[in-house]
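**Q** In the working numbering, the protein residues as written are 180 to 384. The structure under discussion is supplied below as structure tokens; questions concerning it will follow.
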Amino acid sequence: MSETERVTRLLREEILDGVRAPGERLVERELATALNVSRVPVREALKALVGEGLVTLRPRSWAVVRTFTDSDIADLLEVRTAFEPLTFRLAAERRTREGLDRLQATLDEHLEAAEAGNAVLARRKAADFHEQVTELASNELLVEIERPLRSRMRWLLAQHDDLLGVVQQHRELCAAIANRDVALAERLAGEHLAQARAALRGQPS
Numbered sequence: 180m181s182e183t184e185r186v187t188r189l190l191r192e193e194i195l196d197g198v199r200a201p202g203e204r205l206v207e208r209e210l211a212t213a214l215n216v217s218r219v220p221v222r223e224a225l226k227a228l229v230g231e232g233l234v235t236l237r238p239r240s241w242a243v244v245r246t247f248t249d250s251d252i253a254d255l256l257e258v259r260t261a262f263e264p265l266t267f268r269l270a271a272e273r274r275t276r277e278g279l280d281r282l283q284a285t286l287d288e289h290l291e292a293a294e295a296g297n298a299v300l301a302r303r304k305a306a307d308f309h310e311q312v313t314e315l316a317s318n319e320l321l322v323e324i325e326r327p328l329r330s331r332m333r334w335l336l337a338q339h340d341d342l343l344g345v346v347q348q349h350r351e352l353c354a355a356i357a358n359r360d361v362a363l364a365e366r367l368a369g370e371h372l373a374q375a376r377a378a379l380r381g382q383p384s
């Protein structure tokens, strides 16, 4: 892994995990000193994160962690609403035993983290679950569409506090996929989205 990739990954995780708050300044010189690298990989990392929608550039040599507005969130939810029922339906139709085993392993780790109250890990595993379902859907175009939105979707999927409730929803979705119950998988995906929207509405603005 190159220095640029390492710095990009570290900053991405800190933003998605809430270590770096929305609006926080990201100054090249300060980051380079803290991470013990030159300013070049920091500069390239910030550019990459701008492309992922997590960072906003400012004049000269600094940037800020993106603050997602209500409009941004509405846009993300509209895209998720368009693609997620299709993704779960295709996953139920096309899932493989190997893919299902990986999905179940992620779900087990998700449950363990939620039961331990490890919110950061539980939210990461929740996002991993959704990405693996996209892989199970076995549609290359869907993966290509999802890839540039992945970081923003991971941020959106982390905006909840009901760790065990999300695990239970994922367990039901996983069972529907395992049983190739296409109609149930699609219906549960819609309910999962509705609960996500309700959780976001319940947050202070």
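We put the CB at the ideal spot given by N, CA and C, even for glycine.
Taking three-plus beta-carbon pairs below 8 Å as touching, is the stretch 316-332 in contact with the stretch 283-295?
**A** At 8 Å Cβ cutoff, the stretches do not touch.
**Q** Tell whether a beta-carbon distance below 8 Å holds between Leu365 and Pro264.
**A** The sequence as given places Glu at residue 365; Leu does not occur at that position. Yes, they are a contact pair.
**Q** Secondary structure at Thr266, three-state DSSP: helix, strand or coil?
**A** Here Thr266 sits in helix by DSSP.
**Q** Using 8 Å as the threshold, is the C-beta distance between Val216 and Val186 below it?
**A** In this structure, Val186 lies closer than 8 Å to Val216 by Cβ.
**Q** As an exercise, report each continuous alpha helix (DSSP H) stretch of at least 4 residues that is fully enclosed by the stretch 194-233, in chain order.
**A** Taking only runs of at least 4 residues, the alpha helix (DSSP H) segments lying wholly in the stretch 194-233 are 207-214, 218-230.
**Q** According to the Cβ coordinates, are Ser330 and Gly202 closer than 8 Å?
**A** No.
**Q** To the nearest angstrom, how far is it from the Cα of Thr183 to the Cα of Ala227?
**A** Thr183 and Ala227: Cα-Cα distance of roughly 9 Å.
**Q** Would the beta-carbon of Leu367 fall within 8 Å of that of Glu351?
**A** Their beta carbons are under 8 Å apart, which means Leu367 touches Glu351 by this criterion.
**Q** Are the beta-carbon atoms belonging to Leu312 and Ala270 less than 8 Å from one another?
**A** Here residue 312 is Val; the residue named in the question, Leu, does not match the sequence. Yes, Cβ-Cβ distance for Val312 and Ala270 is below 8 Å.
**Q** Is Ala357 near Leu279, with beta carbons less than 8 Å apart?
**A** Yes; because the gap between Cβ atoms is below 8 Å, this pair is in contact.
**Q** Given this structure, state the Cα-to-Cα distance separating Ala301 from Glu207, to the nearest angstrom.
**A** If I take the Cα positions, the gap works out to 31 Å.
**Q** I'd like to confirm the pairing. Which residues does DSSP put opposite Leu242 in its beta bridges?
**A** According to the sequence displayed, residue 242 carries Ala and not Leu. Looking at the DSSP assignment, Ala242 forms a beta bridge with Leu205, Leu236.
**Q** Take the Cβ of Val345 as the centre, count every other Cβ of all protein chains shown within 10 Å, and call the residue buried at 16 or more, exposed below.
**A** Result: buried.
**Q** Once the 5 residues before and after Arg426 are set aside, which same chain residues still bring their CB inside 7 Å of it?
**A** This structure cannot settle anything about residue 426, because the visible part of the chain is limited to 180 through 384.
**Q** Between the Cα of Arg199 and the Cα atoms of Ala261, Val234, Ala224, which residue gives the shortest distance?
**A** Answer by Cα proximity: Val234.
**Q** Helix or strand or just coil, what does DSSP make of Ser250?
**A** Three-state DSSP puts Ser250 in a helix.
**Q** To which residues of the same chain is Arg376 closer than 8 Å at the C-beta, ignoring the five residues directly before and after it?
**A** Answer for Arg376: Leu256, listed in chain order.
**Q** To the nearest angstrom, how far is the alpha carbon of Gly230 from that of Ala306?
**A** So the two alpha carbons sit approximately 19 Å from each other.
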